[in-house]
Amino acid sequence: MSRAPLVAIVGNPNTGKTTLFNHLTGARAKVGNYPGVTVERTVGRLTTPQGDLVQVLDVPGCYSLTASSPDERIAIDALLGRRGNPAPDLVLLVLDAASLERNLYLAMQLSELGLPLVVALNMTDAVEGAGGRLNAEALSEALGVPVVPTVATRTHGLDSLREALGGALKDPPRPRGWLWQPDAGLAADLDALAPVLGDAVPANATPDEARAVALWALMSIDESDDLDDVPAELRTRVLARLKAARAEGRDPDGEVAAARYAWIDAHAEGFIERPSTTRGFSDRVDSVLLHPVAGFAIFLLIMAALFQALFAWSDPFIGLIEDGVTVTADAVRGALAPGIAADFVADGLIAGVGNVLVFLPQILLLFIFIGVLEDSGYLARAAFLMDRVMNRIGLHGRAFVPMLSAYACAVPAIMATRTMERRRDRFLTMMVLPLTTCSARLPVYTLLIGALIPPTLVLGVVRTQSLVMVVMYLFGIGMALTAAAVLGRTVLKGERVPLLLELPAYRRPDPRSVGRLVFSRGKVFLREAGTVILVCTIILWGLLYFPRSSPEVEALEARAAVATAEAQATLETEIAGARLRNSYAGRLGHAIEPIIEPLGFDWKVGVGLIGAFAAREVFVSTMGVVFSLGADVDEESTPLRDHLREARDEDGMRAYTPLMALSLLVFFALACQCMSTLAAGKRETRSYRWPAFMFVYMTTLAWVCALVVYQGGRLLGFT
401 MSRAPLVAIV GNPNTGKTTL FNHLTGARAK VGNYPGVTVE RTVGRLTTPQ
451 GDLVQVLDVP GCYSLTASSP DERIAIDALL GRRGNPAPDL VLLVLDAASL
501 ERNLYLAMQL SELGLPLVVA LNMTDAVEGA GGRLNAEALS EALGVPVVPT
551 VATRTHGLDS LREALGGALK DPPRPRGWLW QPDAGLAADL DALAPVLGDA
601 VPANATPDEA RAVALWALMS IDESDDLDDV PAELRTRVLA RLKAARAEGR
651 DPDGEVAAAR YAWIDAHAEG FIERPSTTRG FSDRVDSVLL HPVAGFAIFL
701 LIMAALFQAL FAWSDPFIGL IEDGVTVTAD AVRGALAPGI AADFVADGLI
751 AGVGNVLVFL PQILLLFIFI GVLEDSGYLA RAAFLMDRVM NRIGLHGRAF
801 VPMLSAYACA VPAIMATRTM ERRRDRFLTM MVLPLTTCSA RLPVYTLLIG
851 ALIPPTLVLG VVRTQSLVMV VMYLFGIGMA LTAAAVLGRT VLKGERVPLL
901 LELPAYRRPD PRSVGRLVFS RGKVFLREAG TVILVCTIIL WGLLYFPRSS
951 PEVEALEARA AVATAEAQAT LETEIAGARL RNSYAGRLGH AIEPIIEPLG
1001 FDWKVGVGLI GAFAAREVFV STMGVVFSLG ADVDEESTPL RDHLREARDE
1051 DGMRAYTPLM ALSLLVFFAL ACQCMSTLAA GKRETRSYRW PAFMFVYMTT
1101 LAWVCALVVY QGGRLLGFT
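Quick note on numbering: the numbering used here labels position 329 of the sequence shown as 729, and the sequence is numbered without any gaps.
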């Protein structure tokens, strides 16, 4: 059975390419990966007016096809059908009419490759609204392919575009090819490469198309590239030609760019007529929003509002989900006979689903904010403002929004790193995001500080407890920045590149585009990260639940059988504590005690740490069960705080001291005590290796720092 024709949509970033893709395909998009890389490959379907079913591929935005970035390498592989990609039957090039001159550079490259082409001249409303005029017919004549004016955000011109795509698939339009001629030196370079191109050239390529592939090789291969599929003979020949060109005082890259832009400059006036130059709306707004002082202050206000809204607006929905999970679990317990089956469904399965759904409000809200900021054009400006600060420690300017979001939760923050183009920038940001103090750490901090840190005054003004809380937040961000600086120079070492980005015109966000982004991100989380969270929750439930019987449990059950109703309630709590101590998790807590004892922790804290892997705040309820207080205690629980203060070790000394509390606070600040974070990391990196590295480096760092705090404090005489 033959496959449906494939149309690849390409274009510069911020041309409305993805919006056009969304409108053409509707909600029928399938998200996968490009072969061999972790960049998403989004394929949708459309039916042409001629009745043909067509696959549509959304190629990552790129400014050229020279393989100087991951997105450009993916684009050229997708267009030429290399590295396991099917070759497209037609290319749909999306041009931003307001930035036509710059966009035409990519159009010329596609023309040189001889790929069947249709052009969507998008955002024509921006030009016409400013008093300009477009001549799509002249552009079509110059390129030799159909050109369809569109306004993707308003769906204008989409019917004509579908008609053009259907016709082009029946009778593929070939562009005019080379619109400029290389000089003698460059022509000699290309002729020298032709014999060694091998499989890089399609079998049915014309001589001009083969020459275009040779030009791609000449401009993409150099001493520092990371192309791993270039034949050795071709690489050797290219490097030799580049060396010879430099010896002659020639710069092939510069010659090509100059020749292409010379053609664009000579012909652009025939395609677009602009009004006399005036200071546009975007320029006037940028004079404020990009100001070193005023712009930064406005940026901080916007981020503060986003951060506050992320907490305030998501909390009610999180509460509703938690209440719904509780009500559902109670209903199941009431409907099923008491026993393992009821406990599994209520505490394992339903709780696991709840652990997945509880992240959705923050994830959806965060991507609403990101979608609005990106669609409006402000996100690129925020990256520009922050890059000067972030680049000093090796992070991308766009890392600031995920890092701020991580104060609410690392899971949506990790998913937000996909706004960064470079793989190295995304991975580095992901590796340090969990070190910022997320909201799940707050209950643990509140319990330990309230129970074990004395409420004394510092300098007669600030309470020690408040000071410790502030220091923990500062410690988290300080360690995140330090880790970024270290990892950026070691494990994720890479060349620091200056931030080069296009500042798009300000636009009103398209609700449909934002909605599709939010729906897509939510669906991906539920399908991939959610599956891992659910499985891990069920496994942890099993560790905390089995085995059910022990001599201590049997003795308590015998007492409960003859006890009064009032005494039974107390005994049931004691039975739960005994079962936890005897569970596999309890035994594991005892097993890891020699490892955590140097940090000041005992086996009870070890059990709490194991339970906290489901979610950090579970440490509080797990400690409640350990002390036979029940799982319904919270960080403000007076009995739990009293038990922590009054607990004694085998020598009759305090088991949990202020120094131990500081050690445990440091451990929680740095350890990767969150399976959901690891699941999100696995989903975004498409690998188990990076989440494993995250867990190992963070846990090792936590252990070492907690050891220094506890043992160093003891050496200094603290308790």
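Note that the Cβ used here is the ideal one computed from N, Cα and C, for glycine as well.
Got a sec, what are the start and stop residues for the alpha helix (DSSP H) D723 sits in? A694 to A735
Less than 7 angstroms between C-beta atoms, sequence neighbours within five positions excluded: which residues of the same chain meet that for R674? G532
With distances taken between CB atoms, is the gap from S913 to N422 smaller than 8 angstroms? yes
Classify I996: buried if its beta carbon has 16 or more other beta carbons within 10 angstroms, exposed otherwise. buried
In or out: Q762 buried (at least 16 other Cβ within 10 Å) or exposed? buried
Give a single yes or no on whether I996 has its beta carbon closer than 7 angstroms to a heavy atom of the ligand SAH. Among the components modelled here there is no ligand, and therefore nothing to report on the ligand SAH.
Is there a Cβ of chain D sitting closer than 8 angstroms to that of L490, yes or no? The structure shown contains no chain D; it is built from a single protein chain.
Exposed or buried, what is Y778 when buried is set at 16 or more other beta-carbons lying within 10 Å of its beta-carbon? buried
Beta-bridge pairing of R1048 - partner residues as DSSP gives them: R1054
Please state whether DSSP places H990 in a helix, a strand or coil. helix
Closest by CA to R1086, which one among E1017, R823, L956 and T636? R823
Identify which residue in M820, G797, I793 and M831 has its Cα closest to the Cα of V811. M831
Do V638 and A617 have their beta-carbon atoms positioned less than 8 angstroms apart in this structure? yes
Is the distance from the Cβ of S808 to the Cβ of L710 below 8 angstroms? First, the residue type needs correcting, since residue 808 is Ala and not Ser in the sequence shown. Their beta carbons are under 8 angstroms apart, which means A808 touches L710 by this criterion.
Beta-carbon proximity list for F875, same chain, < 7 angstroms, skipping 5 on both sides: A1069
DSSP on Q762, reduced to helix/strand/coil? helix
Would M1053 and L1040 qualify as a contact pair, given that the criterion is a beta-carbon distance under 8 angstroms? no
Cβ shell of A497 (< 8 angstroms), same chain only, five flanking positions each side left out: L521, N522, M523, T524, A526, V527, L534, P549 and I672
Enumerate, from N- to C-terminal direction, the unbroken beta strand (DSSP E) stretches of 3 or more residues contained entirely within the stretch 443-470. 453-458
CB-CB under 8 angstroms to G514, same chain, minus the five flanking residues each way: which ones, in chain order? R574, P575, G577, A605, T606, D608, E609 and A612
Buried versus exposed, by CB contacts within 10 Å (16 or more), V862: exposed
Can you look up L366 in the DSSP assignment and give me helix, strand or coil? Nothing in the structure corresponds to residue 366, since the chain is present only between 401 and 1119.
Tell me the DSSP secondary structure of E673 in three-state form. strand
List the whole-angstrom C-beta distance separating G794 from L828, where the pair is believed to meet the contact cut-off of C-beta under 8 angstroms. 7 angstroms
Residue ranges of each alpha helix (DSSP H) run of no fewer than 4 residues wholly in the stretch 1064-1097, ordered along the chain? 1075-1085
Length at least 4, wholly inside the stretch 523-591: the alpha helix (DSSP H) runs in chain order: 524-529, 536-543 and 558-570
Quick check: the Cα distance between A737 and V801, rounded to an integer number of angstroms? 49 angstroms
Three-state secondary structure (DSSP) of I621: coil
Could you compute how far the alpha carbon of R979 sits from the alpha carbon of S1037? 22 angstroms
Buried or exposed (CB count within 10 angstroms, at least 16 for buried), G1112: exposed
I need the boundaries of the beta strand (DSSP E) containing I409, first residue and last residue. L406 to G411
Which residue wins for smallest C-alpha separation from R641, given the options M619, A662 and A657? M619
Looking only at its chain, what residues have a beta carbon closer than 7 angstroms to the beta carbon of S1063, apart from the 5 residues adjacent to it on each side? L999, G1000, A1106, V1109 and Y1110
Suppose the cutoff is 6 angstroms on Cβ atoms and the five residues either side in sequence are ignored; what does the same chain contact list for G986 look like? L980 and V1007
Can you look up A1128 in the DSSP assignment and give me helix, strand or coil? Given a span of 401 to 1119 for the chain in the structure shown, any question on residue 1128 remains unanswerable.
With distances taken from CA atoms, which of T836, L490 and M879 is nearest A568? L490
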